[in-house]
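Enquirer: If you're matching them up, the sequences are chains A and B in order. Take the first sequence: its position 31, counting from 1, is numbered 31 in the numbering used here, and each next residue is one higher. Take the second sequence: its position 193, counting from 1, is numbered 193 in the numbering used here, and each next residue is one higher.
Number of protein chains: 2
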Amino acid sequence: MVSERGLDVLRVIVQDYVASREPVGSKSIVDRHAFGVSAATIRNDMALLEEEELIAAPHTSSGRIPTDKGYRVFVNQLADLRPLSPAQRTAIETFLGSSADLDQVLVRTVRLLSQLTHQVALVQYPSLSRSRIRHVELVRLASTRVMTVLITDTGRVEQRLIEVSPEMDDLFLGQLGTKLNATLGGLGLAEAAERLAQLPDQFPTNRAGPVARIASALIEQVLANRHDKMVMAGTANLVRTEEDFSGSIYPVLEAIEEQVTLLRLFSEMEPEQNGFSVSIGKENASFGLGETSVLATGYASSGGEVSRLGVIGPTRMDYSNNIAAVRAVARYLSRLLGED
Amino acid sequence: MVSERGLDVLRVIVQDYVASREPVGSKSIVDRHAFGVSAATIRNDMALLEEEELIAAPHTSSGRIPTDKGYRVFVNQLADLRPLSPAQRTAIETFLGSSADLDQVLVRTVRLLSQLTHQVALVQYPSLSRSRIRHVELVRLASTRVMTVLITDTGRVEQRLIEVSPEMDDLFLGQLGTKLNATLGGLGLAEAAERLAQLPDQFPTNRAGPVARIASALIEQVLANRHDKMVMAGTANLVRTEEDFSGSIYPVLEAIEEQVTLLRLFSEMEPEQNGFSVSIGKENASFGLGETSVLATGYASSGGEVSRLGVIGPTRMDYSNNIAAVRAVARYLSRLLGED
DNA sequence: AATTGGCAGTCGACAGCCGCGAGTGCCAAG
DNA sequence: CTTGGCACTCGCGGCTGTCGACTGCCAATT
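1. Near A:Lys27, what residues of its chain come up, given a Cβ to Cβ distance below 8 Å and the 5 sequence neighbours on each side ignored?
2. Using only the alpha-carbon positions, how far apart do B:Lys282 and B:Glu258 sit?
3. Taking the alpha carbon of B:Asp68 as the reference point, which residue from B:Glu220, B:Val329, B:Leu49, B:Thr117 has its own alpha carbon closest?
4. Identify which residue in B:Pro58, B:Leu218, B:Gly247, B:Gly234 has its Cα closest to the Cα of B:Leu116.
5. Note the first and the last residue of the continuous beta strand (DSSP E) segment covering B:Ser293.
6. Can you find at least 3 beta carbon pairs, one from the segment 210-222 of chain A and one from the segment 189-202 of chain A, that sit closer than 8 Å?
7. Among all the DSSP beta bridges, which residues are the ones paired with B:Gly313?
8. Can you give the Cα-Cα distance for B:Leu138 and B:Thr148, rounded to whole angstroms?
9. Report the rounded CA-to-CA distance for A:Pro86 versus A:Asn322, giving the unit in angstroms.
10. For B:Leu112, which residues from the same chain have a beta carbon less than 6 Å from its beta carbon, with the 5 sequence-adjacent residues on both sides left out?
11. From the beta carbon of A:Glu268, is the nearest beta carbon of chain B less than 9 Å away?
12. Using three-state DSSP, classify A:Gln124 as helix, strand or coil.
13. Can you find a C-beta in chain B that's less than 9 Å from the C-beta of A:Asp244?
14. Look at the alpha carbon of A:Leu238 and the alpha carbon of B:Gly290, and state the distance between them as a whole number of angstroms.
15. With distances taken Cα to Cα, identify the nearest neighbour of B:Met232 among B:Pro204, B:Ser320, B:Leu263, B:Met46.
16. Closer than 7 Å by beta-carbon distance: list the chain B residues that pair up with A:Leu184, in chain order.
17. If I'm right that A:Ile280 touches A:Leu122 with Cβ under 8 Å, what's the distance once you round it to whole angstroms?
18. In angstroms, rounded to a whole number, what distance separates the CA positions of A:Leu265 and B:Ile13?
19. Run through the DSSP bridge pairs and tell me what A:Pro66 is partnered with.
20. Compare the C-alpha of B:Ile162 against each of B:Val211, B:Ser286, B:Leu84 and name the closest.
21. Any Cβ of chain B within less than 9 Å of the Cβ of A:Leu253?
22. With A:Val278 as the anchor, note down where its beta strand (DSSP E) starts and where it stops.
23. Would you mind working out which of A:Val252, A:Arg316, A:Thr178, A:Ala300 sits nearest A:Tyr332, comparing C-alpha positions?
24. Name, please, each residue of chain A whose Cβ falls closer than 8 Å to the Cβ of B:Val239.
25. Spatial neighbours of A:Leu128 within its chain, please: C-beta separation below 6 Å, excluding the five flanking residues on both sides.
26. Would you call the CB atoms of B:Arg5 and B:Phe35 closer than 9 Å?
27. Distance, Cα to Cα, A:Gly63 vs A:Gly310?
28. Going by beta-carbon coordinates alone, are B:Leu341 and B:Val110 separated by less than 9 Å?
29. In chain A, what lies closer than 8 Å to B:Ala233 by C-beta?
30. Between A:Lys179 and B:Ser114, what straight-line distance do the alpha-carbon atoms span, to the nearest angstrom?
31. With 16 as the cutoff for other CB atoms within 10 Å, does A:Gly155 come out buried or exposed?
32. Going by DSSP, what residue range makes up the alpha helix (DSSP H) through B:Ala87?
33. Less than 9 Å separating the beta-carbons of B:Pro126 and B:Leu295?
34. So A:Val30 is in the alpha helix (DSSP H); what residue range does that whole segment cover?
35. Please tell me whether A:Val107 and A:Ile256 are closer than 9 Å, where the distance is taken between their beta carbons.
36. Exposed or buried, what is B:Leu171 when buried is set at 16 or more other beta-carbons lying within 10 Å of its beta-carbon?
Below is the structure:
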């Protein structure tokens, strides 16, 4: 088990590594931080941390660098968000001060965010779609395969195939369909997504799993139905941090340019308790972004419509500062767009 | 004075260097191209070319590479544009096949162009100046916040957020919207601006203030945003060609992200006789793009509006292919936009 | 049981060295 | 004007040896 001090060691390893891009050794730790113990003791703690796969040595007898798992633990422990510097605050106020057209607001926002974080910044457009749900249908295709069909009052039809567990019988499927229509009919898309998210809670625990699967498929459809668009800024920052990637950054930039990928990534990131999402390293591997981390949070525009913004950068990034910046910018943007 | 054969030598030096990224020596020239003379003769020609500063040797006793001036001469001599391959033709037709939304058309165009050229592609939005107003919408976002939406018959949508006084109730907003559409629908933008300026006079004095606010916002939308927007694709290609830049490509990417710079660059490039502009290397130095070349040409949308598109990449690029691609895409885009 | 200092061993980074090969400039001859 | 020959230059890649940082382990200490 990792001791209290062990976590402190992890913290300074992450901090020093992020600051210097060099593997951190036991000696430099005791030199730079007042731990009150000797280097040998730190070495013992580091051995523990390595056993837990929180840190790793790039080469035998070299300093250690955090693993993805190590970053994850570090981020989760990150209670004390460094507040923004006064300069950063004034930057926010200045940039977003005078309002103009929505495009311009978002462009300014995304630039601001990329400058505050020195990373690639993304802002998803708020959904402007006013379409409402007209009908939902669940169609059994095979014993474990169901197609969900979503029809909006703008005449758009979305279909999606999902796998369900065998105990999802026809009777239950019918009941679920009826309930879905009763719950969602006439709702706007954003609201429908919210209701869907709560849906599994209204079923007995043995049903909650399959229902959750269907609900999440429908949520995807609902979100896909919005005319999704995003703005991006700061791709140059990716080049600045080129050394943080093992190979070329070409495939990374390519993935980032593919907005569809990013929108899916955004939508699949599960927000934590506070509405903030952090996805680290290999957690993004399926998007071709296995060496990057993504920080994202929602922002609200008028009418309760919610969209997202965030940054994407190398796994080795200043999480503390960047999380604070993303939150602050989201807050300001929400205020700007959503004042009621 | 450079002989006829000397220009041929320059041509193959450019071609071979572009293909291989390696300095070209006299031996490899006679090996790869049937000049009918010996390497020594080529060497004499190369000495001439070097005197004219059309080629240069990166190091003593190494092959030669073209200078900016050499590229310029090469491009000017480039009479026989390599026609696009059938594959490229079908790519164009497929990509631009069907679509209505202007945003989508331009996004597809810019992606297509970046794929055909393997460079960063740019497409400037068509100018608003000649288009006509199709619809105006006023959307209340919050009690004192209204979004004005302007839709032109070229499919361009402009939004702007404005603050209004609290007494601007929904009923009045609706009436105002109806009146605006009746007044402005079908008008050209310049005329619309005039009508908008007179609009406040037609309301009782207690309404004139708020109406003036809305009118001036719309006038801004109509007049201010003419040539100010563009789409870009393929920045990843810049990374792929990273070795073509002496230093880091960071400042280059930064300059390219600064759209204002690019718009100025576009507008300052002087088209040659055929309407095509090529700007090579140091000619772009004042924009922080001293190691890049820009190819641009105009395209026409309906109503004779003209805007520009092009590519930007390292000085060492395949001018022949890229010029052909830019022209072809501009032609197709003109046809596509002009047909409705 | 935790901590410490010491010690041997590992390995990457770096600088210096060297030989290879491509390419040039020049020159005298065709 | 062209050609073959020749001496010379220089970048590049591979090799070597030194240096220094760091680890892991162990026995001694608190």
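Note that beta-carbon positions come from the ideal geometry of N, C-alpha and C, so glycine has one too. Values in this document were obtained by computation on a predicted structure and should not be read as measured data.
Expert: On the basis of the data shown:
1. Taking C-beta separations shorter than 8 Å and ignoring five residues to either side along the sequence, the partners of A:Lys27 in its chain run Ala39, following chain order.
2. The alpha-carbon atoms of B:Lys282 and B:Glu258 are separated by roughly 19 Å.
3. B:Leu49
4. B:Gly234
5. In the DSSP assignment, B:Ser293 falls within the beta strand (DSSP E) that extends over 292-300.
6. Contact between the segment 210-222 of chain A and the segment 189-202 of chain A is present, because at least three Cβ pairs lie under 8 Å.
7. B:Ser293
8. 5 Å
9. 15 Å
10. Phe95
11. no
12. strand
13. no
14. 21 Å
15. Taking the Cα of B:Met232 as reference, the smallest distance to any Cα among B:Pro204, B:Ser320, B:Leu263, B:Met46 is reached at B:Leu263.
16. Per Cβ cutoff of 7 Å: no residues; A:Leu184 is ~25 Å from chain B at best.
17. In this structure, A:Ile280 and A:Leu122 do not form a Cβ contact; the two beta carbons are roughly 17 Å apart against a cut-off of 8 Å.
18. Rounded to whole angstroms, A:Leu265 and B:Ile13 show a C-alpha spacing of 46 Å.
19. Note: A:Pro66 sits in a beta bridge opposite A:Ile55.
20. Minimum Cα distance to B:Ile162 is reached at B:Val211.
21. yes
22. 276-280
23. A:Ala300
24. Val239, Ser248, Ile249, Tyr250, Leu253
25. At A:Leu128, the pLDDT of 49 sits below 50, so the modelled position is not reliable; the number obtained from the coordinates is stated separately. There are no such residues.
26. A contact, by the Cβ cut-off of 9 Å.
27. Rounded to whole angstroms, A:Gly63 to A:Gly310 spans 32 Å at the Cα level.
28. What the structure shows of chain B is the stretch from 1 to 340, and residue 341 of chain B is not part of that stretch, so it cannot be assessed.
29. Glu257
30. 48 Å
31. Residue confidence is low: A:Gly155 scores 43 on pLDDT, short of 50, so the model does not pin down where it sits. No coordinate-derived value is stated.
32. 86-95
33. no
34. Run containing A:Val30: 26-32, per the alpha helix (DSSP H) assignment.
35. Taking C-beta atoms as the reference points, A:Val107 and A:Ile256 fail to come closer than 9 Å.
36. Exposed is the call here.
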